[in-house]
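A.B. asks: Quick note, the sequence shown lines up with residues 4 to 75 if you use our numbering.
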Amino acid sequence: VRRIFTRGDGQKMSSLSLILTFNASSLPDSVKCVYLNLPMRQYIPNPLRCFPCQKFGHSSQNCKNENIICGI
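Pasting the structure below:
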């Protein structure tokens, strides 16, 4: 279980959403927690993109490309 964080006003804030990981090939429709029946949906994270080189899979902090590419 991991909590999803968002950025607001330049600060990291925790949301009410959680990421649950299952050892199954299919996602359950819901999970019972205490007396609540919570619906499940697949989490698809935003792709990690480097703004200087415009490539996916890394951020500008880890970019090894020396050429800066305009995104326009």
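Cβ coordinates follow ideal geometry from the N, Cα and C atoms, glycine included.
Is residue 45 near residue 30, with beta carbons less than 8 Å apart?
C.D. replies: Cβ distance < 8 Å, so residue 45 and residue 30 count as in contact.
A.B. asks: Whole-angstrom Cβ separation of residue 19 and residue 4, contact assumed at under 8 Å?
C.D. replies: The pair is not a contact, with the Cβ atoms about 13 Å apart (cut-off 8 Å).
A.B. asks: Skipping 5 residues on each side, what residues in its chain have a beta carbon closer than 7 Å to that of residue 62?
C.D. replies: Only 51, 53 meet the Cβ criterion.
A.B. asks: What does a CB cutoff of less than 7 Å around residue 33 pick up in its chain, not counting 5 residues either side in sequence?
C.D. replies: Hits under 7 Å: 40, 41, 42, 43.
A.B. asks: Cβ atoms of residue 70 and residue 56: under 8 Å apart, would you say?
C.D. replies: Cβ atoms of residue 56 and residue 70: closer than 8 Å.
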